[in-house]
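Asker: Sharing a structure here in structure tokens format.
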Amino acid sequence: MKLLLSSGLCGMTPYQGSIVGGLYFLMVGVMQMVFEFGHLRTAKESTNNITGSQLLPQVCFGYYYSLLILGGITLLLTLCMLGAVWAHQHVGILGFAVWLTLYDVILLVVTCLLQRQMQALGLELSVLEWYGVICRVMGDPFWLALVITHGLEVQIERHRLGTRQRKDPNRHRKYNMSIFNVVFFVLL
């Protein structure tokens with residue numbers, strides 16, 4: 001099986017791209033959390049000026065809190081992915097790629113729903129908030145391509161070396177569950 005990006009991309013091997021991508025995901029995740037806290041604070045301050053139904057602001061806060069919780073989970077899983085890259089665990093690497101894809105879709109859907117709720121209140125989401133979401137969704141696939149390629153390379157390497165490693169009775173285990181795999185599956 002020939003992987004598309006096995007020779008690398010932009011001068012980086014998939015291994016290097018996974019590490020740099022993990023650092024990118026951490027940096028963008030922290031920045032997004034900071035901005036979400038700021039947007040939540042702004043939304044709380046603006047509810048004091050709104051008259052009418054108080055149900056809609058609670059729904060808006062629910063959206064912001066869900067984005068913060070999902071962002072925190074993503075930061076934790078990013079650390080687990082970096083650990084899986086270090087430990088050469090393909091399950092943690094590829095599982096993170098699946099999570100991040102789902103997270104990006106959920107981020108877009110929740111932001112669109114939040115925009116709709118804010119419009120019902122006569123408010124708008126800031127351009128900066130939309131810019132952050134769009135930049136995240138547009139930047140993630142570049143790094144995910146390298147992360148997925150590295151995960152598949154680790155999986156192929158383990159499959160090739162699996163028969164040689166199983167000859168050693170101490171290394172032969174039916175279930176190879178590292179701490180990164182356990183943490184990843186517990187969080188999902």
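Mapping to the working numbering: the sequence shown position 2 is 2, numbers consecutive. Using N, Cα and C, we set each Cβ at its ideal position, and we do this for glycine too. Because the structure is a prediction, the values reported are computed rather than measured.
(1) Is Phe142 buried or exposed, if buried means 16 or more other CB atoms sit within 10 Å of its CB?
(2) Would you kindly work out how many angstroms separate the C-alpha atoms of Leu26 and Gln119, rounded to a whole number?
(3) Could you pull out every residue in the same chain whose Cβ sits closer than 6 angstroms to the Cβ of Met33, ignoring the five residues on either side in sequence?
(4) Please report the straight-line C-alpha distance between Gln16 and Leu23, rounded to a whole angstrom.
(5) Select from Val85, Gly122, Glu36 and Leu40 the residue whose C-alpha is nearest the C-alpha of Val154.
(6) Along the chain, where does the alpha helix (DSSP H) that runs through Cys112 open and close?
(7) What's the gap between the Cα of Asp140 and the Cα of Val110?
(8) Under 6 angstroms: does the beta carbon of Gly21 sit that close to some heavy atom of the ligand MG?
Answerer: In short, the structure shows the following:
(1) What you label residue 142 is simply residue 142 of the sequence shown in a count that begins at 1. Phe142 is exposed by the Cβ-count criterion.
(2) Within the sequence shown, numbered from 1, the residue matching residue 26 stands at position 26. Within the sequence shown, numbered from 1, the residue matching residue 119 stands at position 119. Rounded to whole angstroms, Leu26 to Gln119 spans 31 angstroms at the Cα level.
(3) Here residue 33 is taken as the residue at index 33 of the sequence shown, counted from 1. Gly71.
(4) Position 16 of the sequence shown holds residue 16. Position 23 of the sequence shown holds residue 23. Each residue's Cα considered, the two are about 11 angstroms apart.
(5) The residue you call residue 154 lines up with position 154 of the sequence shown. That would be Val85, whose Cα lies nearest to the Cα of Val154.
(6) In the sequence shown, residue 112 corresponds to position 112, counting from 1. Run containing Cys112: His90 to Ala120, per the alpha helix (DSSP H) assignment.
(7) Here residue 140 is taken as the residue at index 140 of the sequence shown, counted from 1. Here residue 110 is taken as the residue at index 110 of the sequence shown, counted from 1. Answer to the nearest angstrom: the Cα atoms are 18 angstroms apart.
(8) Looking at this structure, you won't find the ligand MG or any other ligand, since it has none at all.
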